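Engineer:
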Amino acid sequence: MLKSLQAATGALFALFVFAHLINTWLAAFGARTYDGVQEALRQVYQFAPLEVLLLAAAAVHAVIGIVRWVQEPPRTLSKRARWHRRSAVFLLVFIVGHVAAVRGVPMLYDVFPQFAGLAWSMQFAPYYFYPYYFLLGLAGLYHGANGLGIAAGRLGWRLHISSRALGSITAVGAVLMVAALLSLGGVTRDVGPVHESDFARLGAELFGIEP
Ligand code: HEM
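Below you can see the structure in the form of structure tokens.
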């Protein structure tokens, strides 16, 4: 029962995560593409009842994960399952901060981060944001793809993701993530005066610094 609920809530939230990661990778093509796709997706995932459902699904999924973590010691797990757990721990540590920074605070002040806001954050603290976004993207992809395979088995869907396929998905995701970050970081394109964006102004005001 607990495992089926975890599978169902994980599969539901994975739909958001895959769409969200594809959107993130599209940052490689610049602000217009990233912001345009995000604006369209936002009509769906920020439709209030759906947003509450998605966030509740993620929370239920995580709480069951913690319960199972206590019940099932790591030595009983396969290598793949151990990586699934490691990626879960990374997501657990960082996800609340991520959602608060890019959804909670902006919602309070009625601004959206958008491409310019992310690009500014990378100019503001590159040593933090390059590895942070890279690992967030990779952990989300690995956990989402492997988790979907587990959920499929649990819910009786005909989907099998081999370890080889999972490795390829993760490797391709890593390359796409690097391309997106180099674009957001202003390495492969001119990102313009991102310190003038609404998100940069808000961040600077909250941190008490010059944007
Ligand atoms: C790896 C790079 C990532 C970047 C650059 C990124 C960036 C963003 C941005 C800009 C938003 C605001 C979206 C909007 O205004 O429409 C957002 C929201 C969000 N992100 Fe991420 N994200 C990343 C990865 C992830 C991952 C892996 C997860 C989950 C496993 C995740 C979960 C969320 C959630 C739950 C929201 C709030 C959605 C909402 O309620 O509107 N993000 N992210």
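So in my numbering the end of the sequence shown lands on 263, straight run, no missing numbers. A virtual CB, placed ideally from N, CA and C, is assigned to each residue, including glycine. The structure presented is a predicted model; accordingly, all values stated were derived computationally and were not measured.
With DSSP collapsed to three states, give me the class of Glu257.
Structural biologist: Here Glu257 carries a helix assignment [DSSP, helix/strand/coil].
Engineer: Identify the continuous alpha helix (DSSP H) that holds Asp87 and give its terminal residues.
Structural biologist: Ala83 to Tyr97
Engineer: Checking contacts by CB at 8 Å: is Gly260 closer than that to chain B?
Structural biologist: Structure shown: chain B not included; a single protein chain is present.
Engineer: What are the start and end residues of the alpha helix (DSSP H) that includes Phe186?
Structural biologist: Pro178 to Leu207
Engineer: Leaving out the 5 sequence neighbours to the left and right, which residues in its chain are closer than 6 Å to Trp77 when beta-carbon positions are compared?
Structural biologist: Leu228 and Ala232
Engineer: Tell me whether Ile116, by its Cβ, gets closer than 7 Å to a heavy atom of the ligand HEM.
Structural biologist: No, since every heavy atom of the ligand HEM falls outside the 7 Å radius drawn around the Cβ of Ile116.
Engineer: Do the CB positions of Gly62 and Ala203 come within less than 8 Å of each other?
Structural biologist: In this structure, Gly62 lies near Ala203, with their beta-carbon atoms less than 8 Å apart.
Engineer: How would you write the range of the alpha helix (DSSP H) that Glu103 sits in, first residue to last?
Structural biologist: Ala100 to Gln123
Engineer: Let me check you understand the geometry: is the CB of Pro178 closer than 7 Å to at least one non-hydrogen atom of the ligand HEM?
Structural biologist: Pro178 Cβ: outside cutoff for every heavy atom of the ligand HEM.
Engineer: Compute the distance between the beta-carbons of Trp172 and Ala66, then report whether it is under 8 Å.
Structural biologist: no
Engineer: Does the Cβ of His150 lie closer than 7 Å to at least one heavy atom of the ligand HEM?
Structural biologist: True, at least one ligand heavy atom lies under 7 Å from that Cβ.
Engineer: From Tyr86 to Trp121, what does the alpha carbon distance come to, in whole angstroms?
Structural biologist: 36 Å
Engineer: Express the C-alpha separation of Ile74 and Val243 in angstroms, rounding to a whole number.
Structural biologist: 20 Å
Engineer: Consult DSSP for Met229 and reduce its assignment to one of helix, strand or coil.
Structural biologist: If DSSP states are grouped into helix, strand and coil, Met229 belongs with the helices.
Engineer: Are there any heavy atoms of the ligand HEM lying less than 7 Å away from the beta-carbon of Thr61, as far as the coordinates show?
Structural biologist: no
Engineer: Beta-carbon separation of Leu200 and Ser56 under 8 Å?
Structural biologist: no
Engineer: Between the C-alpha atoms of Arg137 and Arg94, what's the straight-line distance to the nearest angstrom?
Structural biologist: 29 Å
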